[in-house]
Amino acid sequence: MSCSTIAATEGDEVTFYGEPFQPEQIVAYTLYRWATGESYDNSTSSFGMGRASGVRAVCNATTAMLRVYRDKISWPTGVRKHVVLRAFLDKGFPNRHGAVDCTHIYVDKPANAPSVNYFDRKHRFFVIAQVVVDLDLRVLDMFVGYPGNCHDIRVIQLSSLSGRAEEGMLFRKPPVTLPGGVRTNGYILNDNGYPPSEWVVVPYGGINQHPDEERFDTKQKVARLVVERAFGRLKGMWRLFLRTHKTNLDTLPQQFTVVCIVHNILLDTGIEFDENLLWEVDENGVWRQLDLGFIIPRSQ
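Just so we're aligned: 138 in UniProt numbering is position 138 of the sequence shown, and the numbers increase by one with no gaps anywhere.
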């Protein structure tokens, strides 16, 4: 990742007492803010800048990285596509491209926004991020920004993912027949909160299952865990999006997109993830796993 891309970014210059900050400082502060989740008021002082400069730094860095590295989030093609499909075939899912799920990004109550649009059962305010990942946890597609009261089914219907899949732009392999007689040119896995389709394969679910259905559901659930692992790495490393924080809803989608871009870059360069980051000590001194903001399957 080249810090020099920041220098050419349009926007207000980040300065301190009239002296401009270098691109390296702007990128470093932005990554620090995303990684620690510290507020602008607390985090900027360590970098010798004021709050307003911190806000501009994050805005400039986000804009620059989106412009230069947007292709880091893309549907697999060529050799990469062959590798992805082969890996899923070895897991028993021919023509599978990935798995999709949604997560909550918790925020302070948006100003002038109807409360009912954003809060969950615990009255925590959030927006929804829908992410598709492959077997290596790479983000292939994402869609973020809808308020918390929007059903996950509705989110996928509104996303460009749905339109591209329905128009045949994503899945072009020769058709295969899946258990249950479904013929498909390609698909992704999801939970049973979604209706099945030619390009979304969900568990059978229900009680008194046939042994074949039970085996399939178990295998499907295990294969779908890549999404949970990807969210764990994303939110474990970039903790601003793990905790409730004050944000501008207009720029949150762009910032989360860049975090997914950086996530892919780190995977490409072989940077490992410390699984200990998925645990924390609660107020009673007990170790517990982080709440990654998964959405419980629900129907419309």
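Backbone N, C-alpha and C fix where the C-beta goes; we use that ideal spot for every residue, glycine too. Here the structure is a predicted model, which is why all the values come from computation and not from measurement.
Those residues which DSSP pairs with residue i across a bridge
i: Asp-239; result: According to the sequence provided, residue 239 is Arg. The question's Asp does not apply to it. Partner(s): none; Arg-239 has no beta bridge.
i: Gln-130; result: Cys-102, Phe-143
i: Ile-153; result: BP columns for Ile-153 are empty, so no partner.
i: Tyr-187; result: Arg-96
i: Val-222; result: The partner list for Val-222 (beta bridge, DSSP) is empty, contrary to what the question assumes.
Chain-order list of residues whose beta-carbon lies under 7 Å from that of residue i (same chain, five-residue window excluded)
i: Val-133; result: Gly-98, Ala-99, Val-139, Leu-140, Val-226, Val-227, Ala-230
i: Val-281; result: Trp-287
i: Ala-61; result: Ile-6, Ile-26, Val-27, Thr-30
Where the alpha helix (DSSP H) through residue i begins and ends
i: Pro-209; result: A quick correction: the sequence has Gln, not Pro, at residue 209. Here Gln-209 belongs to no alpha helix (DSSP H), and DSSP marks it neither H nor E.
i: Trp-34; result: 23-36
i: Glu-166; result: 160-166
Residue i - containing beta strand (DSSP E), residue span
i: Ser-103; result: Going by the sequence as given, residue 103 is Thr instead of Ser. 96-106 is the extent of the beta strand (DSSP E) around Thr-103.
i: Arg-51; result: Not the beta strand (DSSP E): Arg-51 falls in the alpha helix (DSSP H), residues 51-69.
i: Arg-288; result: 287-289
i: Val-262; result: No beta strand (DSSP E) contains Val-262, which is instead part of the alpha helix (DSSP H) from 252-268.
i: Val-281; result: 279-281
Closest Cα partner of residue i within the set the options
i: Arg-224; options: Leu-240, Asn-248, Leu-189, His-210; result: Leu-189
i: residue 379; options: Asp-41, Pro-23, Ser-160; result: The structure shown does not extend to residue 379, since the chain is modelled only from 1 through 300, so no value can be given for it.
i: Arg-86; options: Lys-173, Tyr-204, Ser-115; result: Lys-173
i: Asp-71; options: Asn-276, Thr-257, Gly-285; result: Thr-257
i: Gln-289; options: Leu-266, Lys-235, Ile-271, His-263; result: Lys-235
Cutoff 6 Å; reference residue i; Cβ partners in own chain excluding five residues on either side
i: Val-176; result: Pro-94, Asn-95
i: Asp-101; result: Val-227
i: Arg-298; result: Unreliable placement is indicated for Arg-298, whose pLDDT of 43 sits below 50; the coordinate value is still reported in the next sentence. Gly-193, listed in sequence order.
i: Tyr-69; result: Ile-261
Other residues of its chain near residue i: CB distance less than 8 Å, five sequence neighbours each side excluded
i: Val-107; result: Tyr-118, Phe-125, Phe-126, Val-127, Thr-244, His-245, Lys-246, Thr-247, Leu-249, Leu-252
i: Arg-183; result: Pro-175, Val-176, Thr-177, Glu-198
Three or more C-beta pairs below 8 Å linking the segment 138-157 and the segment 244-255: yes
At least 3 beta-carbon pairs within less than 8 Å: the segment 66-86 vs the segment 208-222: no
At least 3 beta-carbon pairs within less than 8 Å: the segment 19-39 vs the segment 230-242: yes
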